[in-house]
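Position 234, counted from 1, in the sequence shown is what the working numbering calls 590; the numbers after and before it change by one each time, with no gaps.
For reference, the structure discussed in these notes is given below.
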Amino acid sequence: MTDKAKNFAELHVKGTPLVLYNCWDAGSAAAIAASGAKALATGSWAVAVAQGYKDGQAIPMEQVLGLAQRIVAGNDIPVTLDFEGAYGGTPQEVAANASAVAQTGVVGINFEDRHVQGEGLWSMTEQSARIAAIRAAVGPDFFINARTDVFMQSKPDAHGAGLDEAIARGQAYATAGASGFFVPMLSDIGLITQICAQVPLPVNVMMQPALPDRAALAQAGVARISYGPSSFVAAMKDLTAAASKVL
Numbered sequence: 357m358t359d360k361a362k363n364f365a366e367l368h369v370k371g372t373p374l375v376l377y378n379c380w381d382a383g384s385a386a387a388i389a390a391s392g393a394k395a396l397a398t399g400s401w402a403v404a405v406a407q408g409y410k411d412g413q414a415i416p417m418e419q420v421l422g423l424a425q426r427i428v429a430g431n432d433i434p435v436t437l438d439f440e441g442a443y444g445g446t447p448q449e450v451a452a453n454a455s456a457v458a459q460t461g462v463v464g465i466n467f468e469d470r471h472v473q474g475e476g477l478w479s480m481t482e483q484s485a486r487i488a489a490i491r492a493a494v495g496p497d498f499f500i501n502a503r504t505d506v507f508m509q510s511k512p513d514a515h516g517a518g519l520d521e522a523i524a525r526g527q528a529y530a531t532a533g534a535s536g537f538f539v540p541m542l543s544d545i546g547l548i549t550q551i552c553a554q555v556p557l558p559v560n561v562m563m564q565p566a567l568p569d570r571a572a573l574a575q576a577g578v579a580r581i582s583y584g585p586s587s588f589v590a591a592m593k594d595l596t597a598a599a600s601k602v603l
């Protein structure tokens, strides 16, 4: 797993972003891998909905771990898991759960700073402690993609007001041991550029209609672009259309 983890980390290059078209089960992972993908990443919303659950850690952790294990077993490329809030509150709980994830063979996780089944965000100090505990549990090579939901708390025209907090969180998470910094829902290229310049971690954005094209994101310094639920939505739309023709 160490070689895969190191390879995955090396794919995060500022200005030459790694593109992750998210999967949700072993079948979708195999299809995406066959396209020539360099790595695989799950998306929590798609994983949950595909199994008949709502997003937000409603799907049992054991089921998520089993799914991750099946994806890893069927592919030779690195796999990273969207692990939401790591199904725990205390540093000890999230560290134990992240350690269980590492044992499946995945090379990294997304780890959110929101209270997944509550409201608001963990404080910067609390989330940094949680990241540090995970790092201590999983070792130096496991990729902790620290996600901040600062920009999910407001509408796009108010995102500028969250810039300073997002940068401060990114810097704190880097000090705590994070490997990457994920800013979903942010689409303003100026704000993205400032985060890339001031946070000492590879920056990850999530594809959405308002997001600038890949060339602009590369110029801004983005190192990772993920597609989140859009891959699942597109696949289900195609499936519905195909079924409609048959039925």
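Glycine included, each C-beta is placed from N, C-alpha and C at the ideal position.
In this text, all values refer to a predicted model and were calculated from it rather than measured experimentally.
Item                                                                                               : Value
Coil, strand or helix - A404 by DSSP                                                               : helix
Residue environment, H368, which counts as buried when at least 16 other CB atoms sit within 10 Å  : buried
Residues bridged to N378 (per DSSP)                                                                : Paired residues: none, contrary to the question.
Residue from S587, A517, A502 and V602 whose Cα sits closest to the Cα of V555                     : A502
Unbroken alpha helix (DSSP H) run spanning R525, endpoints                                         : L519 to A532
Neighbourhood of A452 by C-beta, 8 Å cutoff - its chain only, sequence neighbours within 5 removed : G444 and A493
CB contact flag (A397, S582, <9 Å)                                                                 : yes
L592: first and last residue of the uninterrupted alpha helix (DSSP H) it sits in                  : In the sequence as displayed, the identity of residue 592 is Met instead of Leu. Run containing M592: S586 to V602, per the alpha helix (DSSP H) assignment.
Proximity of V589 and V559 at Cβ, strictly below 9 Å                                               : no
Cα-Cα separation, A385 to F364                                                                     : 16 Å
Sheet register partners of M562 (DSSP bridge)                                                      : S582
9 Å Cβ cutoff met for M480 and A524                                                                : yes
Contact under 9 Å by Cβ, R580 with V375                                                            : yes
Closest residue to Q550 among E521, G533 and D569 (Cα-Cα distance)                                 : E521
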